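Visitor: The structure is given below, and queries will be raised subsequently.
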Amino acid sequence: MKKIAGLCFILFQLSSFAQNKTVNFINWDNAKLINPNEIEFLDCSKLKWKEIPTELRSYKNLKILLLNKNQLTDLPSFLSEFEDLEEIDLGKNKFSSLPFILLKMKHLKKIYLYKNQITILNEEVCELSSLIHLDLWENPISILPDCMSELKSLKEVHLEGIAFSERFQQDWILKMPNTQFFFDKPCSCKD
547 MKKIAGLCFI LFQLSSFAQN KTVNFINWDN AKLINPNEIE FLDCSKLKWK
597 EIPTELRSYK NLKILLLNKN QLTDLPSFLS EFEDLEEIDL GKNKFSSLPF
647 ILLKMKHLKK IYLYKNQITI LNEEVCELSS LIHLDLWENP ISILPDCMSE
697 LKSLKEVHLE GIAFSERFQQ DWILKMPNTQ FFFDKPCSCK D
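Numbered per the working numbering, the sequence shown spans residues 547 to 737.
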């Protein structure tokens with residue numbers, strides 16, 4: 547039954563191409579059957595990737611790329627060629643810092659890095675002037691770069707599951723009154 551449903555989905559997608567329509571969402575297995583230039587939303591989650599295959603380089607028209615729930619520690623430089631990419635989900639991987647290549651992607655609007663091993667958020671994150679959503683929950687981060695307060699487009703920052711003092715939380719809420727912060731209850735820890 548699942549095979550029939552999958553075949554129907556692929557036939558529907560192929561008929562969309564025949565009508566010159568762009569496919570909005572497709573997973574990695576089905577993407578190999580379709581022209582990469584037609585795909586805007588690609589789901590490569592839960593593939594146990596330790597590194598991204600070079601075949602992904604062909605999907606330059608992506609707007610949304612899901613790479614969550616893999617085993618990634620770094621990203622390839624070719625991702626900077628994805629000029630239309632607005633959203634990337636890198637949650638539940640093994641990143642210890644913000645992947646450097648993301649800092650070259652000035653058009654990114656949403657970055658999801660929840661449940662990684664990030665201890666320090668690079669000051670270069672402040673160069674992402676288009677960023678509206680930053681998700682860092684359950685990372686062992688202890689501070690945020692002060693320059694983040696200059697990101698006027700940033701509307702949401704998720705920091706749940708991270709122990710921050712009440713003072714730290716209040717300071718950031720005051721620094722960025724137009725940004726909604728999501729914190730857990732404050733800890734009684736020192737700043």
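Think of the CB as a built atom: it goes at the ideal place given N, C-alpha and C, for glycine as much as any other residue. Predicted model only: the values in this text are computed from it and were never measured.
1. In this structure, how does DSSP classify residue 649 when only helix, strand and coil are distinguished?
2. Residue 548: buried (16+ other C-beta within 10 angstroms of its C-beta) or exposed?
3. For residue 586, which option in 696, 595, 604 has the closest C-alpha, if you only look at C-alpha atoms?
4. By DSSP, does residue 727 sit in helix, in strand, or in coil?
5. Let me know if residue 729 comes out buried or exposed under the rule of 16 or more other beta-carbons within 10 Å of its beta-carbon.
6. Could you tell me if residue 657 is buried or exposed, where buried requires 16 or more neighbouring beta carbons within 10 angstroms of its beta carbon?
7. In chain order, what residues of the same chain lie with their CB nearer than 7 Å to the CB of residue 623, ignoring the 5 residues before and after it?
8. Going by C-alpha to C-alpha distance, which of 627, 678, 725 sits closest to residue 607?
9. Excluding sequence positions up to five away, which residues of its chain have a Cβ less than 7 Å from the Cβ of residue 563?
10. What number of angstroms, rounded off, separates the C-alpha of residue 676 from the C-alpha of residue 589?
11. By Cβ distance, which residues of its chain are closer than 6 Å to residue 695, with the 5 residues on each side in sequence left out?
Guide: Based on what the coordinates show:
1. helix
2. Because residue 548 sits at a pLDDT of 46, beneath the cut-off of 50, its placement in the model cannot be relied upon, and the following sentence gives the value as read from the coordinates. With fewer than 16 Cβ atoms within 10 Å of its Cβ, residue 548 is classed as exposed.
3. 604
4. strand
5. buried
6. buried
7. 647
8. 627
9. Only weak support is given to the placement of residue 563: the predicted model assigns it a pLDDT of 40, under 50, and the value that follows is read from those uncertain coordinates. If we look at residue 563 and ignore the five residues flanking it on each side, its Cβ neighbours are 580, 581, 584.
10. 23 Å
11. 721, 722
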